[in-house]
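Chains as they are written, first to last, in this note's numbering: chain R, 3 to 163; chain S, 3 to 163.
Number of protein chains: 2
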Amino acid sequence: MKNWLRYDEMVDEALRGVVKQALKEAATKGLHGDHHFYISFQTHKPGVVIPKYLYSKYPEEMTIVLQHQFWDLKIGDIEFSVTLSFNGKPEQLIIPWQALTNFADPSVKFALQFEAVEEDLPAAVPELLLEQPAVAQSDPDADDQKPTGAEIVALDQFRKK
Amino acid sequence: MKNWLRYDEMVDEALRGVVKQALKEAATKGLHGDHHFYISFQTHKPGVVIPKYLYSKYPEEMTIVLQHQFWDLKIGDIEFSVTLSFNGKPEQLIIPWQALTNFADPSVKFALQFEAVEEDLPAAVPELLLEQPAVAQSDPDADDQKPTGAEIVALDQFRKK
């Protein structure tokens, strides 16, 4: 019973809830000011729906940006969906919250990192990047999780100025 | 509108929710295994109810331990209450979630730290202590917030062994 209380799962769930809350705000009110979202997710996670050519290009992880050009952002309990333009062609993506690996809003230097894990392992331990000159943490156990096409965002802190 | 999305408040709220969830588990199922909670809170926050002699002794911050000897742990939306024994005398404490400054479960090396702020300032920015040889962060702006009677718990990480 030593690990009866699974804090890692509780914190993971709580922080994925923060992403959900931010996206819900964006879905209902649009993105105001300089706010924009970088969202990375594991493309091979169950429940992810993306066009085949995107999956071929990003078989592990993919990063999308929500800023000016996004449509039909819908927030569900286990996933969200959004339509983005790829080479001028609109494509709908469906992304379960559990597939998220990173969320960042560079306008206020805020980022959350969720550790990528295999489906049969316990839930990820999220990493909260606060007031760190931080950045893309590398996980020595995840050599096969190289980001593909993800833009690296320099994050230091997100306290209000 | 730059700070339209208040991530600090959202994360703070989410992580106080984790404490609430842990206490709710303890309230309904008891504390199993080696789990025990160190809970620090600001004694002068609105809504805090403690005996006068404890407030005199700890006018700023106080740390309680929930392990073997606690009774009537009740979890509410804005506060929790618990009865503890002080020098053999049972006393009921009422502690709003917003008054929390630290939560730790040393059995699994888990800790959350919530920055102590004055009532008229924006919500605290919580600090998540993960995999850090960490401990008691000091806030140079909070010289008057010296912990009084709080035991210092060495925390390094809380991943499952």
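Where is the CB? At the ideal position from N, CA and C, for every residue including glycine.
Counting only unbroken stretches of 3 or more residues, the beta strand (DSSP E) elements lying wholly within the region 45–78 of chain S are 63–68, 72–77, in sequence order. By the 16-neighbour rule on beta-carbons within 10 angstroms, His37 (chain R) is buried. At the C-beta level, Ile96 (chain S) and Ile66 (chain S) stay beyond 8 Å of one another. Under the 8 Å Cβ criterion, the region 84–103 of chain R counts as touching the region 47–61 of chain R, having at least three qualifying pairs.
For Lys76 (chain R) and Val21 (chain R), the gap between their C-alpha atoms comes out near 13 Å. Between Leu86 (chain R) and Leu33 (chain R) a beta carbon distance of about 14 Å is seen, past the 8 Å cut, so the two are scored as non-contacting.
Glu15 (chain S) carries a helical assignment under DSSP once its states are collapsed to helix, strand and coil. Not flagged as an interface residue toward chain R: Gln71 (chain S), since no C-beta distance is shorter than 8 Å.
In terms of beta-carbon proximity, Trp6 (chain R) lines the interface with chain S, with at least one pair separated by less than 8 Å.
Membership of Asn89 (chain R) in any beta strand (DSSP E) is not indicated, and neither H nor E is assigned to it by DSSP.
Look at Phe112 (chain R): its C-beta is under 8 Å from a C-beta on chain S. Under the 10 Å beta carbon count, Thr30 (chain S) is surrounded by fewer than 16 other beta carbons and is classified as exposed.
Collapsing the DSSP output to three states places Leu25 (chain S) in a helix.
Straight-line spacing of the CA atoms in Trp99 (chain S) and Leu56 (chain R) works out to 45 Å. In the three-state reduction of the DSSP assignment, Asp10 (chain S) falls in the helix class, which pools H, G and I.
DSSP lists no beta-bridge partner residue for Glu117 (chain S).
As the crow flies, the alpha-carbon of Gly35 (chain R) is around 35 Å from that of Gln44 (chain S). Tyr9 (chain R) reaches chain S at Val20, Ala24, Asp107, Val110, Phe112, Phe160, counting residues in chain order whose Cβ is nearer than 8 Å. Rounded to the nearest angstrom, the gap between the Cα atoms of Ala106 (chain S) and Tyr60 (chain R) is 40 Å. Residue burial annotation: Lys91 (chain S) is exposed, with fewer than 16 other C-beta atoms found within 10 angstroms of its C-beta. Shortest Cα-Cα distance from Leu114 (chain R) to any of R:Asp79, R:Phe39, R:Lys47 involves R:Phe39. Contact annotation: Gly78 (chain R) and Ala16 (chain S) have beta-carbon atoms that are not nearer than 8 Å. The beta-carbon of Val13 (chain R) is placed less than 8 Å from the nearest beta-carbon of chain S. Across the region 21–54 of chain S, CB contacts with chain R closer than 7 Å involve Gln23, Ala24, Glu27, His34, Gly35, Asp36, His37, in sequence order along the chain. If you ignore the 5 residues before and after Ile80 (chain S), its C-beta comes within less than 8 Å of the C-beta of Gly49, Pro98, Trp99, Gln100, all in its own chain and listed in chain order. Here the alpha carbons of Ser58 (chain S) and Met64 (chain S) stand approximately 11 Å from one another.
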